[in-house]
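Residue numbers (the working numbering): 105 to 237.
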């Protein structure tokens, strides 16, 4: 997975977190099976913090479709945790399948849900901690 300029949304803490996510997925693509579980654990932890941060921004800014976006986050986290459990049980192929699917999911999520969130935050004048107005 490679960073694309289309992922840049203009909110520094969001863009930084998304770059970290892309880097982690890219790194997972290169790991041997005996390191895959540890890498997935790092990705799950990072993604949970990433989603918690964005969920907080949606609540604080009054983002109207907050439930749609947070439900998407919940579904992704459930899939990641379920697949992580299968990898822990030795099903590395399922873990590799998830890693192959994440770039497409992220590109769609960034182009739709994140773009809408950033637009709304800008319209409301909401500036998340760590961002500049």
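Built from N, CA and C at the ideal position, the CB exists for glycine as well. Computed from a predicted structure; not experimentally measured.
**Study point:** Three-state secondary structure (DSSP) of residue 107
**Key:** For the purposes of this step, residue 107 is identified with residue 3 of the chain shown, where counting begins at 1. DSSP places residue 107 in coil when its eight states are reduced to three.
Checking 8 Å against the spacing of the C-beta atoms, do residue 128 and residue 176 come in under that value? The count along the chain shown starts at 1 and reaches residue 128 at position 24. The count along the chain shown starts at 1 and reaches residue 176 at position 72. Their beta carbons are not under 8 Å apart, which means residue 128 does not touch residue 176 by this criterion.
Item to complete: Under the assumption that residue 202 contacts residue 187 (Cβ atoms under 8 Å), give the Cβ distance between them as a whole number of angstroms.
Response: Translated into positions along the chain shown, residue 202 becomes position 98. Translated into positions along the chain shown, residue 187 becomes position 83. Right, the Cβ-Cβ distance comes to about 5 Å (below 8 Å), so this counts as a contact.
For residue 143, which three-state DSSP category applies? By one-based count along the chain shown, residue 143 stands at place 39. Here residue 143 sits in helix by DSSP.
Exercise for the section: Compute the distance between the beta-carbons of residue 126 and residue 232, then report whether it is under 8 Å. Expected result: Numbered from 1 along the chain shown, position 22 holds the residue referred to as residue 126. Numbered from 1 along the chain shown, position 128 holds the residue referred to as residue 232. Cβ atoms of residue 126 and residue 232: not closer than 8 Å.
Our contact map puts residue 165 next to residue 118 with C-beta atoms below 8 Å; I'd like the distance itself, whole angstroms only.
For this step, residue 165 is matched to residue 61 along the chain shown. For this step, residue 118 is matched to residue 14 along the chain shown. Between residue 118 and residue 165 the Cβ distance is about 12 Å, and since that is not below 8 Å, they are no contact.
Start and end of the alpha helix (DSSP H) containing residue 187? Here residue 187 corresponds to residue number 83 of the chain shown, with the count starting at 1. 170 to 192 is the span of the alpha helix (DSSP H), which, as asked, contains residue 187.
**Report entry** Distance between residue 196 and residue 137 (C-alpha atoms, nearest Å)
**Finding:** Numbered from its first residue, the chain shown carries residue 137 at position 33. Numbered from its first residue, the chain shown carries residue 196 at position 92. C-alpha separation (whole angstroms): 6 Å.
- Item | For residue 230, the three-state DSSP class (helix, strand or coil) | For the purposes of this step, residue 230 is identified with residue 126 of the chain shown, where counting begins at 1. Coil.
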